[in-house]
Amino acid sequence: MDAPSYHIQSYCMIRDRTIAVNGTTFLKTDADLTLADFLKSAYRQLDIDYPKFHKMDSLCKAVLIAAELMDRTSGPYASDTALIFSNRSSSYLSDNKHATGIFDTENPTASPATFVYTLPNIALGEISIRHQLHSENVFFIFDRYLPEFLVPYTNAALDDKPIKSAIGGWVEIGEHTCDLLLYHIGKSGDIPHTVAELKRIYNEHE
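First residue of the sequence shown: 4, per this note's numbering; consecutive thereafter.
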């Protein structure tokens, strides 16, 4: 069997009010803390000055936190770093909030601040702005985390395009839950970018 061409240079997991980078805990809070307060605590611990964070929906906040932590480990990201993300519910929370406002029988409103987050791709845009990326990106919708698709797709993108690295993974956000695994992929690193390794990383934190 040929050796893997690409490797995981860093990865970040956010689950059960815990954030870990390369398996090392960055933040762990009480389980009863709201998701909004948990993400706010992570932002404060990052010690960055990025006021736009406070306007984002939870999907964008979680993605931005993970990308920031990986950047500190295996960055800075090359400007052509591709973004290949996936989840199950798309931007459902923002969609639902937007629809609730529109169909309010007493005071129907359409908030631009909510509407802007009614596409999951916005999370990719937020990372690109923060890290000055000028690359291709895609956001897939699956019923579960599917490394069987993501690994060959990412490898093919790296093989066929003039890009040197990628950030990929899964980011599923519920009203009270966050299930995120993002990873920075490139030519070097200790962890091979394979389906088996990504399943191991994802499952060992369940």
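Think of the CB as a built atom: it goes at the ideal place given N, C-alpha and C, for glycine as much as any other residue. Only a predicted model underlies this, so the values are computations on that prediction, with no experimental measurement involved.
Same chain only: Cβ atoms within 7 Å of residue i, ignoring 5 sequence neighbours per side
| i | result |
| --- | --- |
| L36 | R20 |
Beta-carbon proximity list for residue i, same chain, < 8 Å, skipping 5 on both sides
| i | result |
| --- | --- |
| C63 | Y120, I125, A126, E129 |
| H10 | I188, G189, K190, S191, G192, D193, I194, P195, H196 |
Residue i versus residue j: straight-line alpha-carbon distance, rounded
| i | j | result |
| --- | --- | --- |
| S44 | H57 | 12 Å |
| D163 | L201 | 22 Å |
| G192 | Q12 | 5 Å |
| A70 | G78 | 10 Å |
| R18 | D33 | 12 Å |
| Y53 | S131 | 14 Å |
| D74 | Y46 | 15 Å |
| A39 | E175 | 15 Å |
| A160 | I51 | 32 Å |
| A65 | K55 | 13 Å |
| Y80 | L136 | 8 Å |
| V154 | S168 | 13 Å |
Close-in-space but distant-in-sequence residues of the same chain around residue i (CB under 6 Å, 5 per side omitted)
| i | result |
| --- | --- |
| L86 | L127, N140, I170 |
| A23 | M16 |
| S89 | F143, F145, W173 |
Environment of residue i [buried if 16+ CB atoms lie within 10 Å]
| i | result |
| --- | --- |
| P165 | exposed |
| Q48 | exposed |
| F29 | buried |
| H179 | exposed |
| F41 | buried |
| H101 | Residue placement at H101 cannot be trusted, given a pLDDT of 41 that sits under 50; the coordinates are not used to answer. |
Residue-level contact to chain C via CB, residue i, 8 Å cutoff
| i | result |
| --- | --- |
| S77 | In summary, chain C is missing from the structure at hand, where a single protein chain is found. |
Residue i, DSSP secondary structure in three states
| i | result |
| --- | --- |
| N90 | strand |
| P155 | helix |
| P150 | helix |
| P195 | strand |
| H57 | helix |
| T27 | strand |
8 Å contact criterion, which residue i and residue j should meet: CB distance rounded
| i | j | result |
| --- | --- | --- |
| H133 | L67 | What sits at residue 133 in the sequence shown is Arg, not His. Confirmed, Cβ separation roughly 6 Å. |
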